[in-house]
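Scroll down for the structure; my scribbles are underneath it.
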Amino acid sequence: MNSLSSQNGSKLDKSSDRDKVEELLLEITEALAEIGVTVYDYQPESELLLHERVDKLIKKFSLLNNLSKNLNLSIPAEVLNCIEENINPELYNKDFLERTAAENQFLNGKSIAISKLSSSLRKNLHNSSSISL
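Numbering (this note's numbering), first residue to last: 6 to 138.
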(Lines of atoms letter the chains of each structure in order from A and count residues from 1; the text may use other names and numbers.)
(Lines give C-alpha, C1' and ligand atoms only; values in the text may rest on other atoms or scores of the structure.)
Protein backbone atom coordinates (compact mmCIF):
# COMPACT_ATOMS: atom_id res chain seq x y z
CA MET A 1 0.00 0.00 0.00
CA ASN A 2 2.81 2.39 0.84
CA SER A 3 4.61 1.59 -2.39
CA LEU A 4 1.46 2.44 -4.33
CA SER A 5 1.04 5.76 -2.59
CA SER A 6 4.71 6.56 -3.10
CA GLN A 7 4.34 5.76 -6.81
CA ASN A 8 1.33 8.07 -7.03
CA GLY A 9 3.25 10.69 -5.10
CA SER A 10 6.13 10.52 -7.56
CA LYS A 11 3.71 10.92 -10.47
CA LEU A 12 2.28 14.00 -8.79
CA ASP A 13 5.79 15.33 -8.19
CA LYS A 14 6.64 14.82 -11.86
CA SER A 15 3.51 16.64 -13.03
CA SER A 16 4.14 19.49 -10.61
CA ASP A 17 7.74 19.71 -11.88
CA ARG A 18 6.36 19.89 -15.39
CA ASP A 19 3.94 22.62 -14.35
CA LYS A 20 6.81 24.51 -12.73
CA VAL A 21 8.87 24.21 -15.92
CA GLU A 22 5.97 25.47 -18.03
CA GLU A 23 5.43 28.40 -15.68
CA LEU A 24 9.15 29.15 -15.64
CA LEU A 25 9.27 29.11 -19.45
CA LEU A 26 6.50 31.71 -19.51
CA GLU A 27 8.43 33.81 -17.00
CA ILE A 28 11.57 33.51 -19.15
CA THR A 29 9.60 34.65 -22.19
CA GLU A 30 8.35 37.67 -20.26
CA ALA A 31 11.86 38.42 -18.97
CA LEU A 32 13.23 38.28 -22.52
CA ALA A 33 10.52 40.68 -23.67
CA GLU A 34 11.39 43.05 -20.82
CA ILE A 35 15.07 42.90 -21.77
CA GLY A 36 14.14 43.54 -25.40
CA VAL A 37 12.20 46.67 -24.43
CA THR A 38 15.04 47.85 -22.20
CA VAL A 39 17.59 47.35 -24.99
CA TYR A 40 15.34 48.99 -27.58
CA ASP A 41 14.89 52.09 -25.40
CA TYR A 42 18.43 51.92 -24.07
CA GLN A 43 19.75 54.97 -22.29
CA PRO A 44 22.81 55.12 -20.06
CA GLU A 45 20.54 55.53 -17.01
CA SER A 46 18.86 52.18 -17.75
CA GLU A 47 22.11 50.20 -17.63
CA LEU A 48 21.57 49.14 -14.01
CA LEU A 49 18.02 48.03 -14.83
CA LEU A 50 19.31 46.06 -17.80
CA HIS A 51 21.92 44.32 -15.65
CA GLU A 52 19.25 43.44 -13.06
CA ARG A 53 16.97 41.99 -15.72
CA VAL A 54 19.79 39.95 -17.26
CA ASP A 55 20.77 38.64 -13.81
CA LYS A 56 17.13 37.73 -13.17
CA LEU A 57 17.03 35.91 -16.52
CA ILE A 58 20.23 34.00 -15.73
CA LYS A 59 18.75 32.86 -12.40
CA LYS A 60 15.62 31.68 -14.21
CA PHE A 61 17.71 29.72 -16.71
CA SER A 62 19.64 28.15 -13.83
CA LEU A 63 16.40 27.17 -12.11
CA LEU A 64 15.06 25.81 -15.40
CA ASN A 65 18.18 23.71 -15.81
CA ASN A 66 17.77 22.27 -12.30
CA LEU A 67 14.07 21.52 -12.79
CA SER A 68 14.60 19.94 -16.20
CA LYS A 69 16.94 17.33 -14.73
CA ASN A 70 13.94 15.78 -12.94
CA LEU A 71 11.82 15.54 -16.08
CA ASN A 72 11.88 12.89 -18.75
CA LEU A 73 9.87 14.33 -21.61
CA SER A 74 9.94 12.90 -25.08
CA ILE A 75 9.54 15.46 -27.83
CA PRO A 76 9.13 14.08 -31.36
CA ALA A 77 12.08 14.86 -33.61
CA GLU A 78 9.69 16.32 -36.18
CA VAL A 79 8.57 18.96 -33.67
CA LEU A 80 12.18 19.89 -32.93
CA ASN A 81 12.87 20.11 -36.67
CA CYS A 82 9.88 22.44 -37.06
CA ILE A 83 11.24 24.69 -34.34
CA GLU A 84 14.71 24.72 -35.91
CA GLU A 85 13.18 25.64 -39.28
CA ASN A 86 11.04 28.41 -37.70
CA ILE A 87 7.82 26.53 -38.43
CA ASN A 88 5.04 26.62 -35.87
CA PRO A 89 4.90 23.16 -34.20
CA GLU A 90 1.12 23.47 -34.04
CA LEU A 91 1.08 23.20 -37.84
CA TYR A 92 2.91 19.88 -37.51
CA ASN A 93 0.33 18.73 -34.97
CA LYS A 94 -2.53 19.84 -37.22
CA ASP A 95 -1.06 18.02 -40.24
CA PHE A 96 -0.38 14.93 -38.13
CA LEU A 97 -3.98 14.86 -36.85
CA GLU A 98 -5.36 15.36 -40.36
CA ARG A 99 -3.21 12.51 -41.72
CA THR A 100 -4.26 10.30 -38.80
CA ALA A 101 -7.94 11.09 -39.41
CA ALA A 102 -7.58 10.32 -43.13
CA GLU A 103 -5.82 7.04 -42.39
CA ASN A 104 -8.50 6.22 -39.83
CA GLN A 105 -11.23 6.79 -42.45
CA PHE A 106 -9.34 4.64 -44.95
CA LEU A 107 -8.94 1.80 -42.44
CA ASN A 108 -12.57 2.16 -41.37
CA GLY A 109 -13.60 1.77 -45.03
CA LYS A 110 -11.44 -1.35 -45.31
CA SER A 111 -12.99 -2.75 -42.13
CA ILE A 112 -16.51 -2.17 -43.45
CA ALA A 113 -15.61 -3.77 -46.80
CA ILE A 114 -14.14 -6.83 -45.06
CA SER A 115 -17.25 -7.13 -42.87
CA LYS A 116 -19.50 -6.99 -45.95
CA LEU A 117 -17.32 -9.54 -47.75
CA SER A 118 -17.41 -11.82 -44.72
CA SER A 119 -21.18 -11.49 -44.47
CA SER A 120 -21.58 -12.17 -48.19
CA LEU A 121 -19.30 -15.22 -48.03
CA ARG A 122 -21.21 -16.61 -45.04
CA LYS A 123 -24.52 -16.08 -46.82
CA ASN A 124 -23.26 -17.71 -50.04
CA LEU A 125 -21.67 -20.55 -48.09
CA HIS A 126 -24.91 -21.10 -46.17
CA ASN A 127 -26.95 -21.02 -49.40
CA SER A 128 -24.61 -23.44 -51.18
CA SER A 129 -24.60 -25.85 -48.23
CA SER A 130 -28.42 -25.83 -48.03
CA ILE A 131 -28.69 -26.54 -51.79
CA SER A 132 -26.36 -29.52 -51.48
CA LEU A 133 -28.54 -31.08 -48.85
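For glycine and all other residues, C-beta sits at the position ideal for the given N, C-alpha and C.
Same chain, Cβ closer than 7 angstroms to Lys65, five either side skipped, listed in chain order: So the list reads Leu29, Glu32, Ile33 and Ala36, once near-sequence residues are dropped.
Arg127 burial status per 10 Å Cβ neighbour count (16 or more: buried): Flag for Arg127 reads exposed.
Leu76 beta carbon less than 8 angstroms from that of Ile40: In terms of Cβ geometry, Ile40 and Leu76 do not form a close pair [threshold 8 angstroms].
Nearest-angstrom beta carbon gap, Val26 and Leu72 [assumed within contact, 8 angstroms]: With a Cβ gap of about 5 angstroms, Leu72 and Val26 count as contacting.
Whole-angstrom distance between Ala106 and Ser123, CA atom to CA atom: C-alpha separation (whole angstroms): 25 angstroms.
Straight-line gap, Asn98 to Gln110 (C-alpha atoms, nearest Å): Their backbone Cα atoms lie some 18 angstroms apart in a straight line.
Ser123 in three-state terms, based on DSSP: Shown here, Ser123 sits in a helix according to DSSP, grouped into three states.
Cβ-based neighbour list, Asp100, same chain, cut-off 6 angstroms, excluding 5 preceding and 5 following: Shown here for Asp100: not one same chain residue has a beta carbon closer than 6 angstroms to its own, the five before and five after excluded.
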